[in-house]
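Counting in the numbering used here, the sequence shown runs from 23 upward without gaps.
Built from N, CA and C at the ideal position, the CB exists for glycine as well.
For clarity, every value in this text was computed on a predicted model and none was experimentally measured.
Reviewing the structure listed below.
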Amino acid sequence: LLITDRGLAGMEITQKTLDLLDEAGLGRAIFADVDPNPNEKNAEAGVTAYLEGGHDGVIAFGGGSGLDLGKLVAFLARQTRPLWDFEDIGDWWTRANSDVIAPIVAVPTTAGTGSEVGRASVITNSVTEEKKIIFHPKFLPTVVICDPELTIGMPKFITAGTGLDAFAHCVEAFSSPHYHPMSQGIALEGMRLVKDYLPRAYADGSDIEARAQMMSAATMGATAFQKGLGAIHALSHPIGAIYHTHHGTTNAVCMPAVLQFNKIAICDDIKRAANYLDIRGGFDGFCEYVDNLNTSLGIPKTLTELGVKDPDIKRIVAGALIDPSTGGNPVVMTEENTTKLLLSCI
């Protein structure tokens, strides 16, 4: 079962993929009832399509939404417990029957989320309007096909938002207080790739070298953030769940304020990153670079400009404080300081 989003379903590249499966003699079908921030209703419909079609594997095809939902359907289709029993809390993942999880082939068509190398899916609870993480080691796809030609058709705003999602992954992984020197190195080089190649991909969508390097940056960011994320994602998750904003763009809007919020804990690390990236001015120079990068890529300055009107401050803060990313932030997040942080983003 090829799982993708509605926008990709009617595109030529998707039909070509289906034709290739036909030519290979593989029975196939397509499921495209996937929202930009997929929810449990999309998952239930995908599981129904998988079971009714008698499928034995999933091709997760698309950006973060298609990849996350495809992985989730492969995981959930033959489980006997409901979806929310597998939320990423403690050892809840051990509740799953590992033997019935279907094989996954991941084919990303954007360069940002890195879901193709991740062991989890992000899913919105449409009732509570909360983003939840479902984790299991077998979410990791069996095969990943990263073909930069599939990303050439991305519009500029998606190129920018997804690329800055990769950058946010690297920045937060690098800043996390948890110890993993390999992650530090991967995150640092991922930042360099974004710095060097995202402006090129944005300026010329057909620049195949830039597109290829951005796909590498995306996978590196997702690999590095196994070490931890932080306040950028802790804010972005509830904002996206409630107001349906684009995840990567929301991350980009929040990033400058979060850097300042974490300054006392990350100043030395960011100075080292700035030196590696050939950015002058240490911590302040790095922050100025991020501001300028956002501006050059057409990123809104504030959540208000992004379309978040009359936000429910208390609700967003409450969601941020229970988000799994919060535990990886280098400054302890409280109701008081998280409220101030959110207000600075608005």
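(1) So, with DSSP's three-state summary, where would you put residue 81?
(2) Helix or strand or just coil, what does DSSP make of residue 188?
(3) Is residue 253 helix, strand or coil when you go by DSSP?
(4) Can you tell me the Cα-Cα spacing of residue 201 and residue 249, whole angstroms?
(5) Where residue 290 and residue 300 are concerned, what is the direct C-alpha to C-alpha distance, given to the nearest angstrom?
(6) Would the beta-carbon of residue 369 fall within 8 Å of that of residue 91?
(7) For residue 36, which residues from the same chain have a beta carbon less than 8 Å from its beta carbon, with the 5 sequence-adjacent residues on both sides left out?
(8) For residue 24, which beta-bridge partners are listed by DSSP?
(9) Among 281, 298 and 133, which one has its Cα closest to the Cα of residue 269?
(10) Per DSSP, which one or two residues make a beta bridge with residue 128?
(11) Whole angstroms is fine: what's the gap from residue 19's alpha carbon to residue 352's?
(12) Buried or exposed for residue 219, please, with buried defined as at least 16 other CB atoms from any protein chain shown within 10 angstroms of its CB.
(13) Of the residues 309, 297, 100 and 287, which one's Cα is nearest the Cα of residue 117?
(14) Below 6 Å CB to CB, which residues in the same chain sit around residue 140 once its five sequence neighbours on both sides are set aside?
(15) Return the chain-ordered list of same chain residues with a C-beta closer than 6 Å to the C-beta of residue 180, the five sequence neighbours on each side being excluded.
(16) For residue 144, report the span of its beta strand (DSSP E) as first-last.
(17) Quick check: what's the CA-CA separation for residue 61 versus residue 303?
(18) Please report the straight-line C-alpha distance between residue 227 and residue 298, rounded to a whole angstrom.
(19) Is DSSP giving residue 155 helix, strand or coil here?
(20) Keeping to the same chain, check which residues put their C-beta closer than 8 Å to that of residue 320; ignore five residues upstream and five downstream.
(21) Select from 229, 326 and 190 the residue whose C-alpha is nearest the C-alpha of residue 281.
(22) Where does residue 119 land, buried or exposed, given buried means 16+ other C-beta within 10 angstroms?
(23) Between residue 77 and the rest of its own chain, which residues show a CB-CB distance below 6 Å, the 5 nearest in sequence each way excluded?
(24) Throw me the rounded Cβ distance for the residue 210 and residue 196 pair, which I believe falls under 8 Å.
(25) Give the C-beta separation of residue 328 and residue 271 to the nearest angstrom, bearing in mind that I take them to be a contact with Cβ-Cβ under 8 Å.
(26) Put residue 119 into one of helix, strand or coil per three-state DSSP.
(27) Helix or strand or just coil, what does DSSP make of residue 59?
(28) Anyone know if the C-beta pair for residue 324 and residue 275 falls short of 8 Å?
(29) Could you tell me the alpha carbon to alpha carbon distance between residue 336 and residue 342, rounded to whole angstroms?
(30) So the candidates are 229, 113 and 125; which of them puts its Cα closest to the Cα of residue 157?
(31) Could you confirm whether any beta carbon from chain C is found closer than 8 Å to the beta carbon of residue 206?
(32) Going by DSSP, what residue range makes up the alpha helix (DSSP H) through residue 269?
(33) Relative to the C-alpha of residue 155, which residue among 338, 332 and 59 is closest?
(34) Would a C-beta distance cut-off of 8 Å place residue 127 and residue 165 closer than the cut-off?
(35) Out of curiosity, what's the CA-to-CA distance linking residue 72 and residue 95?
In short:
(1) strand
(2) helix
(3) helix
(4) 7 Å
(5) 15 Å
(6) Not covered by the structure: residue 369. The range shown for the chain is 23 to 368.
(7) 24, 26, 30, 52 and 83
(8) 52 and 81
(9) 133
(10) 82 and 166
(11) There is no way to answer for residue 19, as the model of the chain reaches only from 23 to 368.
(12) buried
(13) 100
(14) 244
(15) none
(16) 142-147
(17) 43 Å
(18) 27 Å
(19) strand
(20) 178, 179 and 182
(21) 190
(22) exposed
(23) 23
(24) 6 Å
(25) 7 Å
(26) coil
(27) coil
(28) yes
(29) 10 Å
(30) 113
(31) Absent from the structure: chain C. Only one protein chain is present.
(32) 269-283
(33) 59
(34) yes
(35) 8 Å
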